[in-house]
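Take a look at the structure set out below.
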Amino acid sequence: MTTWGALFHDFNPIVVRLWGDWAVRWYGLSYIAGFVICWAMMLALARRRLIAIRPERVDVAMMVIVLGVLLGGRLGYALIYGRELLTGFTASFPYWDLLAINKGGMASHGGMVGAIVACWWVSRGERTADGRVEGRCSVLHVMDVLALAAPIGLLLGRLANFVNGELLGRVYAPPGTEGPWWTVRFPQELKGWQLPPPAAPAGHAPELNPEQQRALVELVEKVARPGDTWAMARDYLIEHAARYRAELEPILSSRHPSQIYQAAAEGLVLGAVVWWVWRLPRRPGVVAGVWLAVYGVLRIVTEVWRLPDAQFGAEGRPLGLSRGQWLSVGLVMGGVLVAWWGWRSGARAVGGWLRPARVDEAGAGGGGAR
Numbered sequence: 000m001t002t003w004g005a006l007f008h009d010f011n012p013i014v015v016r017l018w019g020d021w022a023v024r025w026y027g028l029s030y031i032a033g034f035v036i037c038w039a040m041m042l043a044l045a046r047r048r049l050i051a052i053r054p055e056r057v058d059v060a061m062m063v064i065v066l067g068v069l070l071g072g073r074l075g076y077a078l079i080y081g082r083e084l085l086t087g088f089t090a091s092f093p094y095w096d097l098l099a100i101n102k103g104g105m106a107s108h109g110g111m112v113g114a115i116v117a118c119w120w121v122s123r124g125e126r127t128a129d130g131r132v133e134g135r136c137s138v139l140h141v142m143d144v145l146a147l148a149a150p151i152g153l154l155l156g157r158l159a160n161f162v163n164g165e166l167l168g169r170v171y172a173p174p175g176t177e178g179p180w181w182t183v184r185f186p187q188e189l190k191g192w193q194l195p196p197p198a199a200p201a202g203h204a205p206e207l208n209p210e211q212q213r214a215l216v217e218l219v220e221k222v223a224r225p226g227d228t229w230a231m232a233r234d235y236l237i238e239h240a241a242r243y244r245a246e247l248e249p250i251l252s253s254r255h256p257s258q259i260y261q262a263a264a265e266g267l268v269l270g271a272v273v274w275w276v277w278r279l280p281r282r283p284g285v286v287a288g289v290w291l292a293v294y295g296v297l298r299i300v301t302e303v304w305r306l307p308d309a310q311f312g313a314e315g316r317p318l319g320l321s322r323g324q325w326l327s328v329g330l331v332m333g334g335v336l337v338a339w340w341g342w343r344s345g346a347r348a349v350g351g352w353l354r355p356a357r358v359d360e361a362g363a364g365g366g367g368a369r
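Residue numbers (numbering that gives the first Met the number 0): 0 to 369.
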């Protein structure tokens, strides 16, 4: 049994490399899997008449939701965490840094805003050839449907964050000391060493003593290929961490696996709560409101063990809360208002899996709950 953290993170985030930085990654596959599962759930509910979206319109509705989540997530990341993406242009494809999704960067809060806009569009229904509008329903109802399916996508996304070795958790045991079995050593923390020691580390890299600094320099020089800069050799070392595990372990800290905490909270706990609320028919907006409020609370709690984004430095936690936590405070307040709005709307209750009330039985007909 090793004296280091029980798990050494050597997962490869790439499934198949295509060319350059472009590749099929587990992170992208997690999005695809989440969207496919959401589509399958919506189609099953539509065929059972438990939602106001007609089965033949589920495909279009799902395409709109996918577009809303992706655009909202990317724009949200740029506006909240990396505004330089909006003004960065290069001479190579895709030319605009905002479009360089191969380098990552999605914000869950932005994705939620995009999803809400998509739900509004879906709720408007569609115009037929003779000018009639069919399939119109409450936007709160569409939000309820998406809230029911969203936790599985969040679960897969957080697991992909773990595979990527991103969104690192707090240090539990510094380099050179033994961490408990549930901690994880992430080679990705070395990205904080932009220059070789004794230069001060940036980002979330922990401080190293002189002996550990020498070990890091020697290891990076060992793997450096002709023409490599320090950063290039460091990245090569991280990418091939499994090959150099024995040499890396003594200079890595043991961290909270915050990605796993958030996967369990946002996927399993949130999913259980939402399905419990959905078990009986309820007015449009109640499920979405509960989803927003519970997600916000869980995000605030789990980010206690997750480090704020490194680019914010000492400003990463104003008044003790990260930007993600402050945004989640807003979600909690918004969720309470949405649930209250739905409950007071007077609309007929629909849905439920324990005692279903179908759309036509509730008197909503093709228009759904209003």
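A virtual CB, placed ideally from N, CA and C, is assigned to each residue, including glycine.
When DSSP states are grouped into helix, strand and coil, residue 230 belongs to the helix group. Under the DSSP assignment, residue 204 falls outside any alpha helix (DSSP H); it carries neither an H nor an E label. Here the C-alpha atom of residue 15 lies approximately 23 Å from the C-alpha atom of residue 224.
In the three-state reduction of the DSSP assignment, residue 56 falls in the helix class. The C-alpha of residue 209 is placed about 43 Å away from the C-alpha of residue 30. Annotation: residue 288 to residue 331 spans about 9 Å, alpha carbon to alpha carbon. If you draw a straight line from the Cα of residue 337 to the Cα of residue 26, it comes to about 31 Å. For residue 13, the enclosing beta strand (DSSP E) begins and ends at 13-18. Rounded to whole angstroms, the separation of the alpha carbons of residue 120 and residue 63 is 8 Å.
When the Cα atoms are used, residue 237 and residue 333 turn out to be separated by approximately 41 Å. Closest in C-alpha terms to residue 110, from the list 340, 304 and 73, comes 73.
Closest option to residue 24, judged by alpha-carbon separation, among 91, 156, 144 and 143: 156. Buried is the label assigned to residue 185, since at least 16 other Cβ atoms lie within 10 Å of its Cβ. Listed in chain order, the alpha helix (DSSP H) runs fully inside the stretch 86-150 are 107-122, counting runs of at least 4 residues. Beta-bridge partners of residue 356 (DSSP): 350.
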